[in-house]
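Residue numbers (UniProt numbering): 1 to 168. Don't be surprised by glycine CBs; every beta carbon is placed ideally from N, CA and C. The next block holds one structure in the form of structure tokens; read it before the comments.
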Amino acid sequence: MSKKNPLILLVLLLLPNFVLANAGSPMMWFGFIHLVWINAIIGIYESKILTSKFNVSNRKWLIILANYVSMFIGLYYIAPHFSELSGNTDFWGGKTRLGEYKLGGFLSGMGISFIATLIIEFPFYFLALKQKTKDWSIIKPFIFANLITNIIMFIIYFIIVSFGVKWN
Numbered sequence: 001m002s003k004k005n006p007l008i009l010l011v012l013l014l015l016p017n018f019v020l021a022n023a024g025s026p027m028m029w030f031g032f033i034h035l036v037w038i039n040a041i042i043g044i045y046e047s048k049i050l051t052s053k054f055n056v057s058n059r060k061w062l063i064i065l066a067n068y069v070s071m072f073i074g075l076y077y078i079a080p081h082f083s084e085l086s087g088n089t090d091f092w093g094g095k096t097r098l099g100e101y102k103l104g105g106f107l108s109g110m111g112i113s114f115i116a117t118l119i120i121e122f123p124f125y126f127l128a129l130k131q132k133t134k135d136w137s138i139i140k141p142f143i144f145a146n147l148i149t150n151i152i153m154f155i156i157y158f159i160i161v162s163f164g165v166k167w168n
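Structure representation (structure tokens):
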């Protein structure tokens, strides 16, 4: 087997991906990647923020699990619901051509998703804490870590959707 064969195989495997340009919207694919991989990275990062900035010992796996649960609820229930309320019945963009996708509810949907994230993830966060306290001092690190990661994700989603949408 020559050195060119693996390269030819790689090109042949990737070639159909260029032909199938209608295989889903960027929002759909990034949402899928977010659901599968990025949530673990977000959970690890939030756990690191809690430990390094606030000296809050935690069980990282529960922080990661919280992110998966809230992402699933947000992506498959909250975001499509608010998209439909704003008049967009094709949340995933599978039936809408580039430039026709209406995104009036994006900002309100992201804001409501952040609030829902806090509500959904807090029980996991509380269980993840190694030292439980009964005062409100545990709230600030939780909100800060979530705010940082949500701002980053908002910017990424905004960049993805802003190129092919109508703002109304």
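Assuming Leu35 is part of the alpha helix (DSSP H), what are its boundary residues? By one-based count along the sequence shown, residue 35 stands at place 35. Careful: Leu35 lies outside any alpha helix (DSSP H) and carries neither H nor E.
I'd like the list of long-range same chain contacts for Asn150, defined as Cβ closer than 7 Å, with 5 residues on each side in sequence excluded. For the purposes of this step, residue 150 is taken as the residue at position 150 of the sequence shown. Same-chain partners within the cutoff: Phe114, Thr117.
Spell out the partners DSSP gives residue 169 in its beta bridges. This structure gives no information on residue 169, because the portion of the chain shown stretches from 1 to 168.
Label His34 either buried or exposed according to how many other C-beta atoms from any shown protein chain fall within 10 Å of its C-beta, with 16 as the threshold for buried. If you number the sequence shown from 1, residue 34 lands on position 34. Result: buried.
Say whether chain B places a C-beta atom closer than 7 Å to the C-beta of Leu62. The chain labelled as chain B is not found in the depicted structure, where only one protein chain is given.
Looking only at its chain, what residues have a beta carbon closer than 7 Å to the beta carbon of Ser47, apart from the 5 residues adjacent to it on each side? Translated into positions along the sequence shown, residue 47 becomes position 47. The residues are Asn58, Lys60, Ile63.
What are the boundary residues of the alpha helix (DSSP H) that Tyr157 is part of? To locate residue 157, count along the sequence shown from 1; it is residue 157. Taken as a continuous stretch (DSSP letters only), the alpha helix (DSSP H) holding Tyr157 covers 139-162.
Are Ile44 and Ile120 closer than 7 Å when you measure CB to CB? Along the sequence shown, read from residue 1 onward, the residue named residue 44 stands at position 44. Along the sequence shown, read from residue 1 onward, the residue named residue 120 stands at position 120. Contact flag unset, no.
Check whether the Cβ atoms of Asn39 and Tyr77 lie closer than 7 Å to each other. Translated into the one-based positions of the sequence shown, residue 39 becomes position 39. Translated into the one-based positions of the sequence shown, residue 77 becomes position 77. Contact: no.
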